[in-house]
Amino acid sequence: MDDGERAKDIELRRAPEEPPNTDERPKWDNKVQYLLTCIGFAVGLGNVWRFPYLCQVYGGGAFLIPYLIALLLEGLPLLHMELAIGQRLRMGSIGVWNSISPYLGGVGVASLTVSFLVGLFYNTILAWVLWYLFHSFQNPLPWQSCPTKANHTGKPQTECERSTPVNYFWYRVTLNITTDIAVSGDPQWWLVVCLALAWCIVYICFIRGIETIGKAIYVTATFPYLVLTIFLIRALTLPGAMLGLHYLFTPNWETLKNPTVWLDAATQIFFSLSLAFGGLIAFSSYNPQKNNCERDALIVGCINSATSIYASIPIFAILGFKAQSNYNDCLNDNILSLINTFNIADGNVTENNYGEWLSYLNSTNPYEVEQLHLKTCDLQTLLDQSASGTGLAFIVFTEAVIKMPGSQVWAVLFFIMLFTLGLSSMFGNLEGVLTPLLDLHLVPKCIPKEIFTGLICVVSFTVALIFTLGSGNYWLEIFNNYVGSLPLLVIAFFEITAVIYIYGANRFSDDIEWMTGHRPNLYWQATWRVISPLMLLVVFLAYVVVQAQDKPTYEAWNPQYVNFPAPEVLAYPDWVYAICILLAAVPCSFIPLWALYQFIPFVYKRLADRQLKNPFATDGYDVET
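First residue of the sequence shown: 1, per UniProt numbering; consecutive thereafter.
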């Protein structure tokens, strides 16, 4: 077969069970909308508060080596595969895998379940962001100082004085957190209101599917980059900014010998690209089939990783400023104590000669110096105070903001940025739930899509009320750790196995050639066939081994704890640990259950056919008539 005949053959060949109504399927207004939506889904809160943390604790710039390797060998191949298969078959996650094989529909159900569960806690984080955003307009910021009285008791607020105003506003004013996950506490009405508002905003943006998403994404996907640039310009002018950047990017090559570094790099790039949620498959299904999905995957993947690095610069410049400010405050408090205790003239003790004065007084008046209980001021220790997730956004960064001139403006910009980052990711989570259900016609035709979308949002809001309880933050951490981790690795492994070894690698390559005009090169073929499945299997096994070594613990906020304000580390009760296992296992269980559901009728039909052919067959033996 010559090249012309081959091209004609590929042009005429159709995908299996391609839906007959593909021409009626909604389409993106333009290519920019599609790319921005995929970028907005991939670029989320983890780019801002997870990646910088990993760089900090794993050797600064050295962490980029395993991260980029994971991007090339795991992230980009899976991203390309999801965009290509969704574009070719033009279905949601359940429809795609069910069309490849009736026994694989459970992979799509697993993706749908994960998207639903992740959306529950992800939108709760947006509710917290709204709560902080509303309070950012106050002057002074409410987390800048401790309240003088505690509610109606008239007693000094010792919990705040023993910790910090920032910690108090987060744990007590915002969460009103309980001291134990077993103590649920009451729903906090202010969080219920913010959660309802967050779901209303998601619904308004999503009410007509990609028609309204495509309009909202112009703001939600681009505004974070504007704010990051503003923060970058301002942060680089702050004292101590260079300390933070030096700390972030100075490579510590010894950390690369730690296997955990490679495991975290592989999982970070995987979750950062939002793979296996089903949202990317759904978004690409609205593309015309003649579209260069390979180029799209490279654009989305590279922009996502570049955003992580770009966001780290202003974040750590500001954290360097915070460390420098805290170091100066520590020295000034110690200097003031020395001046007042030993009647030293003002100006004689400065930051430059503080060490000399302290050595001198220790040698002449050691007992008096000991009674002062001077603070230990160490800049390196302050830089080592790492935090990720909510700890970075609602504690570390808010503390840094109050030290910046015009703190209200920076707080407003920061929380608007977080909200738009999270909102664009929520579009993908909700799309991963709605599109499979609509594609399989599981929604009665009498129910308009707008009403069905509203019902999903109402159900999600109702279930997410668990996160507004006093113990809600503990449950959110459980959902984050167990829903958005192991199940995604399992789903991705079955996805790439289904495409390469069931749908067929050669057939998939033909599809890509038909869509893009060229066949996948050796890099794509090698990663799809061998490297990526092997990496997923290794990461899965390593993750299970790490999790099985010790019973999981959590950090509780307990004012009665002897080492307060340090968190009290507690082990999960057995019943909570069982829920953790269920959250990780339930999405994965749909894969074998769906296959079993499809297999039982097949076996029954074969037995029935055999009985019709030979009604005297008993106990597995054919009786000749």
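The beta-carbon is built from N, C-alpha and C at its ideal position, and this holds for glycine as well.
Asked	Found
Report, in whole angstroms, the separation of the C-beta atoms of Gly106 and Leu593, which I expect to be a contact under 8 Å.	6 Å
Can you tell me which of the three DSSP states Thr341 falls into?	helix
May I have the straight-line CA-CA distance separating Arg90 from Asn287, to the nearest angstrom?	8 Å
Could you tell me which of Leu298, Val538, Leu191, Thr174 sits nearest to Leu35, measuring between CA atoms?	Leu298
What are the partner residues of Thr553, as DSSP defines its beta bridges?	Ala571
Are the CB atoms of Ser284 and Gly92 nearer to each other than 8 Å?	no
Is the number of C-beta pairs between the stretch 121-128 and the stretch 522-535 that are closer than 8 Å three or more?	no
Going by alpha carbons, who is nearest to Gln408 out of Tyr132, Trp170, Phe342?	Tyr132
Specify, as a first and last residue, the run of the alpha helix (DSSP H) that Trp190 falls within.	189-206
Apply the 10 Å Cβ neighbour rule to Trp170 and answer buried if 16 or more other Cβ atoms are within range, or exposed otherwise.	buried
Short check: CB of Ile85 to CB of Gly108, under 8 Å?	no
For Trp28, which three-state DSSP category applies?	coil
Classify Ala323: buried if its beta carbon has 16 or more other beta carbons within 10 angstroms, exposed otherwise.	buried
Counting beta carbon pairs with one atom in the stretch 449-457 and one in the stretch 65-72, are three or more of them shorter than 8 Å?	no
Alpha helix (DSSP H) containing Ile402: first to last residue?	No alpha helix (DSSP H) holds Ile402; DSSP gives it neither H nor E.
What would DSSP say about Asp186, mapped onto helix, strand or coil?	coil
Could you check where the alpha helix (DSSP H) with Ala526 kicks off and where it finishes?	522-526
Might you give, ordered along the chain, the residues of its own chain that have their beta carbon closer than 8 Å to the beta carbon of Pro165, omitting 5 neighbours on each side?	Trp143, Gln144, Ser145, Cys146
What would DSSP say about Lys215, mapped onto helix, strand or coil?	helix
Please determine, among Arg208, Gly422, Ser136, Leu382, the residue with the shortest C-alpha to C-alpha distance to Gln56.	Leu382
With three or more beta-carbon pairs closer than 8 Å as the criterion, would you say the stretch 427-447 touches the stretch 271-285?	yes
Would you be able to state if there are at least three C-beta pairs under 8 Å between the stretch 309-325 and the stretch 230-239?	yes
Excluding sequence positions up to five away, which residues of its chain have a Cβ less than 6 Å from the Cβ of Val530?	none
In three-state DSSP terms, what is Asn291?	coil
Using only CA atoms, which one of Gln87, Phe116, Ala127 lies nearest to Phe415?	Ala127
Just verifying my parser: in three-state terms, what is the DSSP assignment at Ala297?	helix
Our contact map puts Ala42 next to Ser274 with C-beta atoms below 8 Å; I'd like the distance itself, whole angstroms only.	5 Å
Can you check which of these residues, Phe316, Tyr103, Thr250, is closest to residue 628 by C-alpha distance?	Summary: the structure shown does not reach residue 628, with the chain confined to residues 1 through 625, and so no result is reported for it.
Of all the options Phe452, Leu476, Ile451, which has the alpha carbon lying nearest to the alpha carbon of Val463?	Leu476
Looking at C-alpha atoms only, which residue of Val114, Cys194, Gly406 is the closest neighbour of Val586?	Val114
State buried or exposed for Gln380, treating a residue as buried only when at least 16 other CB atoms are found within 10 Å of its CB.	exposed
Between the stretch 499-512 and the stretch 201-211, do at least 3 Cβ pairs fall closer than 8 Å?	no
CA-CA distance, Val490 and Glu555?	28 Å
Among the candidates Phe599, Gly347, Cys588, Val576, whose CA atom is the shortest distance from the CA of Asp180?	Val576
Given a cut-off of 8 Å, decide if Gly44 and Leu421 are closer than it, judged by their beta-carbon atoms.	yes
Over what stretch of residues does the alpha helix (DSSP H) that includes Ala235 continue unbroken?	223-235
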